[in-house]
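The structure under discussion appears below in the form of structure tokens.
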Amino acid sequence: MAAAYIIGASTTAFGPQPEKSIVSLGRDAALAALSDAGVDSASVNMGFFANVFGPLLFGDTTIGQDVFGAIGVQRAPIINIENACTSGSSAFHLAVQAIEADAADIVVVVGAEKMCVPTLGLVGGGQSDYASRNGMAAPVGFAMRAARHMHEFGTTLQQFAAVTVKSRAFAAKNPLAQF
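Numbered per this note's numbering, the sequence shown spans residues 22 to 200.
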């Protein structure tokens with residue numbers, strides 16, 4: 022079994038970027054990661070693209086093919102992953118498996134998302150399924166989980182607040198964070 026290593030990484034700035042497409046965000050991150058690794062796109066023999074809202078917002082289930090095409094990856098399998106908030110970690114997991122199984126030598130994992138589109142608004146506003154119509158948006162689900170955690174484990178609001186303070190302290194030092 023081959024060992025998998027992370028040899029390059031990159032990120033783009035978080036936050037609304039209405040002037041950029043999801044493909045350009047993915048392309049920019051992928052090219053920077055390849056540069057960080059000292060690898061050219063011709064060496065990539067498998068790609069994974071993680072995304073949640075592309076099909077919903079853009080009607081496109083093959084954004085990964087566009088991203089990898091934009092960086093010059095050819096004749097390599099490109100797999101699109103949609104697994105809600107774990108899309109990126111799922112793509113990473115599958116990339117490691119591909120290397121360990123000797124199915125690929127150099128794999129690139131890209132995650133890109135546009136959650137606010139000027140012509141459509143914020144993702145999830147106006148979905149017509151039963152849960153959304155009755156107020157079950159993502160923040161409500163997280164609040165319910167937090168309340169359950171507090172009930173089961175005695176977690177306090179102050180402990181949850183400490184997580185927020187810690188996260189904002191890190192974000193304030195990161196020029197790419199949405200803060």
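No residue lacks a Cβ here, since even glycine has one placed at the ideal position from N, Cα and C.
If you follow the beta strand (DSSP E) that PHE35 is in, where does it begin and where does it stop?
One-based indexing of the sequence shown puts residue 35 at position 14. Taken as a continuous stretch (DSSP letters only), PHE35 belongs to no beta strand (DSSP E), as it is neither H nor E.
Since VAL73 and GLU103 are thought to touch, with beta carbons under 8 Å apart, how far apart are those beta carbons, to the nearest angstrom?
Position 52 of the sequence shown, counting from 1, holds the residue named residue 73. Position 82 of the sequence shown, counting from 1, holds the residue named residue 103. With a Cβ gap of about 6 Å, VAL73 and GLU103 count as contacting.
For GLY132, does the three-state DSSP call read helix, strand or coil?
In the sequence shown, the residue the question calls residue 132 occupies position 111. It is a strand residue.
Three-state secondary structure (DSSP) at ILE84?
Translated into positions along the sequence shown, residue 84 becomes position 63. In this structure, ILE84 counts as helix in the three-state DSSP scheme.
So what does DSSP say about MET67, is it helix, strand or coil?
One-based indexing of the sequence shown puts residue 67 at position 46. The answer is strand: DSSP assigns MET67 an E or B state.
Own chain, CB closer than 7 Å to GLU121, minus 5 neighbours either side, in chain order:
As a position in the sequence shown, residue 121 is number 100, starting the count at 1. For GLU121, where only same-chain residues beyond five positions count, the Cβ hits under 7 Å are MET22, ALA23 and ALA25.
Let me check understanding here. Comparing Cα to Cα, which of ALA116, VAL161, VAL44 and PHE89 lies closest to GLY75?
Taking the sequence shown and counting its residues from 1, one reaches residue 75 at position 54. Comparing Cα positions, the closest option is VAL44.
Cutoff 8 Å; reference ILE84; Cβ partners in own chain excluding five residues on either side:
Your numbering for residue 84 matches position 63 in the sequence shown. Answer for ILE84: ILE43, VAL44, GLY47, PHE70, ASN72, GLY75, ASN101 and ALA133, listed in chain order.
Can you list, in chain order, the residues of its chain whose CB lies under 8 Å from that of PHE35, leaving out five sequence neighbours each side?
Here residue 35 refers to the residue found at position 14 when the sequence shown is read from its first residue. Taken in chain order, the residues that qualify are LEU197, ALA198 and GLN199.
What is the rounded straight-line gap between the Cα of SER108 and the Cα of VAL161?
To locate residue 108, count along the sequence shown from 1; it is residue 87. To locate residue 161, count along the sequence shown from 1; it is residue 140. One C-alpha to the other measures close to 21 Å.
What's the call for ILE27, buried or exposed, on a 16-neighbour Cβ count within 10 Å?
Stepping through the sequence shown from its first residue, residue 27 is reached at position 6. That one is exposed.
For my contact list, LEU12 and VAL128 are in at a C-beta cut-off of 8 Å; report their separation, rounded to the angstrom.
This structure leaves residue 12 out entirely; the chain is present only between 22 and 200.
Got a sec, what are the start and stop residues for the alpha helix (DSSP H) ILE127 sits in?
As a position in the sequence shown, residue 127 is number 106, starting the count at 1. Note, ILE127: premise wrong, no alpha helix (DSSP H); not H, not E.
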